[in-house]
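In the numbering used here, the protein residues as written are 11 to 485. Note that CB positions come from ideal geometry on N, CA and C, so glycine has one too. Here the structure is a predicted model, which is why all the values come from computation and not from measurement. Below is one structure, written out as C-alpha cells; the observations come after it.
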C-alpha cells in the first residue's frame with residue numbers, strides 16, 4: 011500500500027525551501043495579524059502529516075501544487091506548525107484570526123499596512139515570481155468574520171497572484187474551512203493539495219508531554235517517567251476489546267493533542283510528588299475510567315477558557331455591565347452546553363436553548379458559535395472525533411430532561427454499541443440508584459459489546475417503580 015505520510019523536512023523540501031528569498035523586511039508596526047517568526051519553540055513536536063485525496067479524485071502531486079492547504083481538527087498543534095515553518099523557511103504569516111477584515115483586497119491591504127510601500131511591492135512581486143512563500147493561518151476564524159462570498163473574494167486575491175511555478179501560498183485551518191477553500195480552488199482550476207495533521211504516535215505523545223511540562227528540569231526523572239508511562243498505559247487499558255484494538259482507537263485518543271494537553275495540565279497543576287502520585291494512582295479503583303474522564307473534562311474546560319471565552323465571549327460582551335459579563339462567563343458554554351451542542355451538531359439539528367436571558371447577546375452568541383462548534387475537539391466534521399467523546403456526551407446528557415430525547419434518538423439512529431458507554435455512564439452516575447427502564451437495553455447492549463476473552467457480566471433488577479419508569483439495577 012502506498013505510504014501517504016510525510017514529515018516536516020520533506021514538506022519543506024517540497025516547498026523548495028532552499029530556493030526561496032528570505033523575508034528580511036522590517037515591519038512598520040508590531041502586529042499580531044502579519045508577522046514573521048524568528049525564535050524556535052522548544053516545545054514543538056514535529057507532526058505526522060498525511061496527504062489527503064482531493065475532491066476531484068485525481069492523483070495528488072505535491073510538487074505541482076499551486077496552493078497547499080493544511081487541515082486539522084481543533085487544538086492539534088496547527089498554529090505551532092505555522093510558527094515552525096515561518097522560522098525554518100524565513101517567511102511571514104498572516105493570521106486571519108487577528109485581522110480586522112476578511113474580504114477582497116484585504117490580503118494586499120494587510121501587507122501594505124504593515125510594510126513600507128517599496129518593501130510591500132517587492133514582497134508581492136517575489137510571490138508572483140515564485141521566489142517567496144506566504145503562510146496564512148486560521149482560515150476558519152477568517153471565515154467566521156465574513157460570509158461565504160467574502161471568504162471567496164479573499165481566496166480570489168490569492169488565485170490572481172499565483173505565479174507560473176512554485177507554491178507561494180500555504181493555508182492552514184480547521185477541516186470545514188479548508189474543504190470549502192479546496193472546492194473554490196478546484197472551480198478556479200487551481201492545482202491544490204490537502205495535507206492533514208495526524209495524531210501523535212505513542213512515543214511522540216510522551217515527548218509532547220515531556221516538553222509541555224519541561225521534564226528536563228524535574229529532579230526525579232525516573233519517577234516522573236514511571237508516572238507518565240503509568241498514566242498512558244492505564245488509559246490504554248480502557249481500550250481493551252478487540253474492536254478498539256483493531257481500529258487503533260487508543261492510538262487516536264492518546265495521540266490527540268487536546269488529550270495530551272490535558273495530561274500535561276494534570277502534571278503541572280496536580281502533581282508535586284511523583285512517587286506519591288504514582289502510589290495514589292495505583293491504589294485508585296476504576297483508575298482507567300477516572301483518568302479518561304479527567305482528561306475529557308479538562309478538554310471541555312480548556313475549550314471554554316482558552317478558546318471561546320477570549321475569542322467570542324469577551325468580544326460580544328464588550329461595553330456591557332460587569333454583572334452581565336460575569337453571568338455570561340459563568341453560564342455560557344459550560345461543559346454541559348458544549349456536550350449538548352456537539353450532540354445537536356451530530357444530529358444536524360439546531361440547538362434551541364439559550365444560556366442567558368438577553369436576546370441581543372443570544373443572537374451574537376449563536377452566530378459566533380455556528381461555525382466554531384463544528385470544529386470542537388470532540389468533533390471531526392459532524393461526526394465524533396473519538397468513541398470516548400461520543401460515549402461521554404451520551405452518558406452525560408442522558409439523565410438531563412432537556413436533552414434525553416435527543417440522546418435516545420442518537421442511540422437509535424447513529425450509535426454503534428461500545429462497552430465505553432456503559433463504563434462511562436456507570437462512573438458518572440454511580441451515586442444514583444434510579445435508572446430509567448428505557449435505558450436498560452442500551453446499557454445491556456453496551457456491556458455485551460466488550461468482546462475480551464473470558465469476559466462475563468451479571469445484571470440484576472433489584473426493584474422497579476412502574477409509576478416513574480425507573481428501576482434499581484445491579485451490574
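Original post:
Would you call the region 265–285 and the region 417–429 in contact, with 3 or more CB pairs under 8 Å?
Top reply: no
Subject >> DSSP three-state assignment for residue 183, whether helix, strand or coil >> reply: Taking the chain shown and counting its residues from 1, one reaches residue 183 at position 173. Strand at residue 183.
Subject >> Proximal residues to residue 34 (C-beta, below 7 Å), its chain only, five neighbours per side dropped >> reply: In the chain shown, counting from the first residue as 1, residue 34 sits at position 24. Within the same chain, residue 34 has no close Cβ partners at all.
**OP:** Check the DSSP bridge columns for residue 488 and list the partner residues they point to.
**Re:** The displayed coordinates of the chain run from 11 to 485. Any statement about residue 488 would go beyond what the structure contains.
**OP:** Look up residue 1 in the DSSP assignment and say whether it is helix, strand or coil.
**Re:** No statement about residue 1 is possible, as the shown extent of the chain runs from 11 to 485 and does not include it.
Subject >> Backbone CA spacing between residue 17 and residue 358 [nearest angstrom] >> reply: Here residue 17 corresponds to residue number 7 of the chain shown, with the count starting at 1. Here residue 358 corresponds to residue number 348 of the chain shown, with the count starting at 1. Approximately 36 Å between the Cα atoms of the pair.
**OP:** Starting from the Cα of residue 190, find the closest Cα among 178, 162, 175 and give me that residue.
**Re:** Position 180 of the chain shown, counting from 1, holds the residue named residue 190. Among 178, 162, 175, the Cα nearest to that of residue 190 belongs to 162.
Subject >> Alpha-carbon to alpha-carbon, residue 259 and residue 249 >> reply: Looking up residue 249 in the chain shown gives position 239. Looking up residue 259 in the chain shown gives position 249. Roughly 7 Å separates the two Cα atoms.
Original post:
Could you give the distance in angstroms between the alpha-carbon of residue 299 and the alpha-carbon of residue 434?
Top reply: Locating residue 299 in the chain shown gives position 289, counting from the first residue. Locating residue 434 in the chain shown gives position 424, counting from the first residue. Their backbone Cα atoms lie some 7 Å apart in a straight line.
**OP:** Can you tell me which of 205, 183, 263 puts its alpha carbon nearest to the alpha carbon of residue 73?
**Re:** Numbered from 1 along the chain shown, position 63 holds the residue referred to as residue 73. Answer by Cα proximity: 205.
**OP:** Please say whether residue 152 and residue 107 have beta carbons closer to each other than 9 Å?
**Re:** Walking along the chain shown from the start, residue 107 turns up at place 97. Walking along the chain shown from the start, residue 152 turns up at place 142. Contact: yes.
Original post:
When the distance is taken between beta carbons, is residue 220 closer than 9 Å to residue 382?
Top reply: Counting from 1 along the chain shown, the entry for residue 382 is found at position 372. Counting from 1 along the chain shown, the entry for residue 220 is found at position 210. Result no, Cβ atoms of residue 382 and residue 220 do not sit closer than 9 Å.
Original post:
Under 9 Å, do residue 431 and residue 405 count as touching if we go by C-beta distance?
Top reply: What you label residue 431 is simply residue 421 of the chain shown in a count that begins at 1. What you label residue 405 is simply residue 395 of the chain shown in a count that begins at 1. Going by C-beta atoms, residue 431 is nearer than 9 Å to residue 405.
Original post:
For residue 178, which option in 135, 93, 76, 111 has the closest C-alpha, if you only look at C-alpha atoms?
Top reply: On the chain shown, position 168 is the one that residue 178 refers to. Cα-wise, what sits closest to residue 178 is 76.
Original post:
Do residue 103 and residue 112 come within 9 Å of each other at the CB atom, strictly closer than that value?
Top reply: Taking the chain shown and counting its residues from 1, one reaches residue 112 at position 102. Taking the chain shown and counting its residues from 1, one reaches residue 103 at position 93. For residue 112 and residue 103, no; Cβs fall outside 9 Å.
Original post:
Start and end of the alpha helix (DSSP H) containing residue 207?
Top reply: Walking along the chain shown from the start, residue 207 turns up at place 197. No alpha helix (DSSP H) contains residue 207, which is instead part of the beta strand (DSSP E) from 202–207.
Subject >> Through-space distance from residue 349 to residue 340, alpha-carbon basis >> reply: Working through the chain shown from its first residue, we reach residue 340 at position 330. Working through the chain shown from its first residue, we reach residue 349 at position 339. Answer to the nearest angstrom: the Cα atoms are 16 Å apart.
Original post:
Nearest CA to the CA of residue 365: which residue from 242, 118, 343?
Top reply: In the chain shown, residue 365 corresponds to position 355, counting from 1. Here the closest residue by C-alpha is 343.
Subject >> Three-state secondary structure assigned by DSSP to residue 103 >> reply: Your numbering for residue 103 matches position 93 in the chain shown. Here residue 103 sits in strand by DSSP.
Original post:
What are the start and end residues of the beta strand (DSSP E) that includes residue 78?
Top reply: If you number the chain shown from 1, residue 78 lands on position 68. Taken as a continuous stretch (DSSP letters only), the beta strand (DSSP E) holding residue 78 covers 77–82.
Subject >> DSSP state of residue 365 mapped onto helix, strand, coil >> reply: Position 355 of the chain shown, counted from the first residue, corresponds to residue 365. If DSSP states are grouped into helix, strand and coil, residue 365 belongs with coil.
**OP:** Could I get the ranges of all uninterrupted alpha helix (DSSP H) runs contained in the region 362–434, with 4 residues as the minimum, in chain order?
**Re:** 369–382, 397–407, 414–423
Subject >> Selected residue, minimal CA-CA separation from residue 23, among 441, 14, 176, 202 >> reply: For the purposes of this step, residue 23 is taken as the residue at position 13 of the chain shown. That would be 176, whose Cα lies nearest to the Cα of residue 23.
Original post:
If residue 402 sits next to residue 311, beta carbons under 8 Å apart, how far is it from one beta carbon to the other, in whole angstroms?
Top reply: For the purposes of this step, residue 402 is identified with residue 392 of the chain shown, where counting begins at 1. For the purposes of this step, residue 311 is identified with residue 301 of the chain shown, where counting begins at 1. Contact flag wrong, Cβ pair sits at about 14 Å.
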